[in-house]
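K.L.:
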Amino acid sequence: MNCIFCCVFNQEKYVDMFYLLLESIFIYGNLDENTNILVYTSTPFMRMIKQSHLFNDDKVKFEINDTYNDIDKSCKARLDIFKLPSIINYKKVLYLDTDILVKDNINQLFDVCKEDILYVLEEGDIYSNYDYWGNILFGDEVNNYNDKTAFTSGILLFNNCEKIKYLFNKINEDIIQRPYNFSCYDQPYIIYNAFKYNLYNNKLLKSIVVNNDYNIYSDKVIHHFPGGPGVYDHKIVKMTNFLNSIKESTINNNIYQTKMYINNHLLPIIQNCGELLEGNIFMLHHTTTYTDTFLNKTKNISNLVLNKNIKNVMEIGFNSGFSTLLMLLSNPNINVTCFDLGEHKYTMPCYEKLKETFGERLTIVIGDSTKTLKNISDIYDLIHIDGGHSTEVANSDIINSYRLSKQGTILIMDDYDFRNLHEIWDSYIIKYNLKSLNIHTYNSPHHDIKYVCLNT
795 MNCIFCCVFN QEKYVDMFYL LLESIFIYGN LDENTNILVY TSTPFMRMIK
845 QSHLFNDDKV KFEINDTYND IDKSCKARLD IFKLPSIINY KKVLYLDTDI
895 LVKDNINQLF DVCKEDILYV LEEGDIYSNY DYWGNILFGD EVNNYNDKTA
945 FTSGILLFNN CEKIKYLFNK INEDIIQRPY NFSCYDQPYI IYNAFKYNLY
995 NNKLLKSIVV NNDYNIYSDK VIHHFPGGPG VYDHKIVKMT NFLNSIKEST
1045 INNNIYQTKM YINNHLLPII QNCGELLEGN IFMLHHTTTY TDTFLNKTKN
1095 ISNLVLNKNI KNVMEIGFNS GFSTLLMLLS NPNINVTCFD LGEHKYTMPC
1145 YEKLKETFGE RLTIVIGDST KTLKNISDIY DLIHIDGGHS TEVANSDIIN
1195 SYRLSKQGTI LIMDDYDFRN LHEIWDSYII KYNLKSLNIH TYNSPHHDIK
1245 YVCLNT
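Sequential numbering from 795 applies to the sequence shown in my numbering.
Here it is as structure tokens:
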């Protein structure tokens, strides 16, 4: 079992950065059954993280310490790794600062880790007058090393082994024996002792990890946005903009692929049925011409299923299957169950075409949702409520959707710009204590997005 190890202490802003890191891992990191995320944090921060819709109980584990209430202790918390009981569960450990985003398969890093050394990213040098890389600690010893390039301690990859445990013990001893008020706290000590005991490689990660690179098309797995401990506002802005730009590119591609499928497969079916098309995420009522009127709503449909933890989706209102198609193309892990009246001539032919393409990933239940949903007991990760607009039907659909939810289930209420639906939905937001998501969403008056928060 492998471990992505993160420390979240001291300031709530670090929780915000952790959410960005977590979202990037779950979208792009290809986290598999062999890897957990171990979060070393305080009880209040653990509760906050557990309340987030991003929290996955199967993948995110906790170690608790309620005594690290200043920046110095917070930064040095990573050195506790071998003191934590759960360390015995892991063979390889990837420590990540919270000012990091993952944009590709995280397993590429674990594959690098073969020797019992620290794998780190080259940064700075040990003869620099800045205190980031330990020049004071080295003193005249700096001349003993031909390669004086140092490294950032924001990424530490290592095997769970006696050599690295010994190294961490020596680092902790050095901090006690030679106390300095370094601006990077423990980083100079980590660098000095890694050099002293020749237990590091700062070259191999350069092909898959990068500092302060804003190229969303880079081939790097990890993008690190360093800026000094305790400095977080500008980091959050940079990380948010970068992650949103990556997602925007992904979403636009998903929308393009969806339109191509619609043009090639679904529009011919609809035209052959001889019935005007009901309005949908791409087209106005009774038209087959693409419009940007609902563009942000369309982007959200893709955006909200990018997270690979979203696996079971329910959609009330299938119509011609355009939004269903977009979700299926946006996340290869999801299965979608749709509920529809089946009143349109094109509904079943469109469903059958999608079924031909996506197989068991797609199911439809035909009938009145106020009746059919009563027979359902499955639990869903995301529910798109796009059914009837009457007060009776909307109430029934919302109540059933909440019943079929769990902690973190995302609820999308469509047609929020309809006055009666707006008022009904707002009343259930209060009744069910629904929360706003911890990720960026596109502003749209045409739907509203909340998640179910049971971990209070």
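No residue lacks a Cβ here, since even glycine has one placed at the ideal position from N, Cα and C.
1. F945 bridges to which residues according to DSSP?
2. Can L757 and L1205 be called in contact, C-beta distance under 8 Å?
3. With burial defined as no fewer than 16 other Cβ atoms inside 10 Å of the residue's Cβ, what is the status of E817: buried or exposed?
4. Return helix, strand or coil for H1017, following the three-state DSSP convention.
5. For Q1051, collect the residues of the same chain with a Cβ closer than 8 Å to its Cβ; drop the 5 residues on either side in sequence, then sort them by chain order.
6. I'd like the ranges of any beta strand (DSSP E) spanning at least 3 consecutive residues and lying wholly in the region 1016 to 1078.
7. Beta-carbon separation of F1036 and Y1011 under 8 Å?
8. Going by DSSP, what residues sit across from H1178 in a beta bridge?
9. Entirely within the region 852 to 881 and at least 3 residues each: give me those beta strand (DSSP E) ranges in chain order.
10. In the DSSP output, what is L1156 paired with across the bridge?
11. Given D1027, which residues of its chain have a CB within under 8 Å of its CB, disregarding the five upstream and five downstream residues?
12. Roughly how many angstroms separate the alpha carbons of H1183 and K1029, rounded to a whole number?
13. Could you name the residues of the same chain whose beta carbon sits closer than 8 Å to that of R1197, not counting the 5 residues immediately before and after it, in chain order?
14. Give me, in chain order, the residues of the same chain whose beta-carbon lies closer than 8 Å to that of D905; leave out the 5 immediate sequence neighbours on both sides.
15. Please state whether DSSP places D1242 in a helix, a strand or coil.
16. Check Y1196 in the structure and name its three-state DSSP category.
17. Along the beta strand (DSSP E) that carries I1223, what are the first and last residues, could you check?
18. Given a threshold of 16 other Cβ atoms within 10 Å of its Cβ, counted over all protein chains shown, does H1080 qualify as buried or as exposed?
19. Given 7 Å as the limit, tell me if N954 has its C-beta closer than that to any heavy atom belonging to the ligand ADP.
20. Using the beta-carbon count (16 or more within 10 Å), is N1101 buried or exposed?
21. With contact counted as at least three CB pairs below 8 Å, one residue from each stretch, are the region 839 to 849 and the region 1057 to 1072 in contact?
22. Would you list the residues sitting across from C800 in a DSSP beta bridge?
23. What do you get for Y974, buried or exposed, if any count of 16 or more other CB atoms within 10 angstroms of its CB means buried?
24. Under 7 Å Cβ to Cβ from F849, same chain only, skipping five residues before and after it: list those, please.
25. What separation, rounded to the nearest whole angstrom, lies between the Cα atoms of K886 and N1094?
26. Excluding the five sequence neighbours on either side, which residues of its own chain have a C-beta within less than 8 Å of the C-beta of K1053, listed in chain order?
27. Is it right to say M795 is buried, meaning 16 or more other beta carbons lie within 10 angstroms of its own, or is it exposed?
28. Look up Y924 in the DSSP assignment and say whether it is helix, strand or coil.
29. Based on DSSP bridge pairs, tell me the residues matched to Y994.
30. Could you tell me which of D1180, L915, T1166 sits nearest to K1014, measuring between CA atoms?
31. Between which two residues does the alpha helix (DSSP H) carrying I970 extend?
32. I need the straight-line Cα distance from I911 to L950, nearest angstrom please.
33. The beta strand (DSSP E) that contains K886, what's its start and end?
34. Who are the near neighbours of N863 in its chain, counting only those whose CB is closer than 7 Å to its CB and skipping five residues on each side?
35. Note the first and the last residue of the continuous beta strand (DSSP E) segment covering N1005.
P.N.:
Concretely, from the data shown:
1. E916
2. Coverage of the chain is limited to positions 795 through 1250, which leaves residue 757 absent and any answer about it impossible.
3. buried
4. In this structure, H1017 counts as strand in the three-state DSSP scheme.
5. L1123
6. 1016 to 1018
7. no
8. Note: H1178 sits in a beta bridge opposite E1109, I1206.
9. Counting whole runs of 3 or more residues, the region 852 to 881 contains the beta strand (DSSP E) stretches 854 to 858.
10. V1130
11. K807
12. 43 Å
13. none
14. none
15. strand
16. helix
17. Premise fails: I1223 lies in the alpha helix (DSSP H), 1213 to 1225, not in any beta strand (DSSP E).
18. By the 10 Å Cβ count, H1080 comes out exposed.
19. Ligands are entirely absent from the displayed structure, and the ligand ADP is therefore not among its contents.
20. buried
21. Touching, no.
22. V833
23. exposed
24. I843, G1202
25. 36 Å
26. F1076, Y1084
27. exposed
28. coil
29. L912
30. L915
31. 956 to 971
32. 10 Å
33. 886 to 890
34. N804
35. 1003 to 1005
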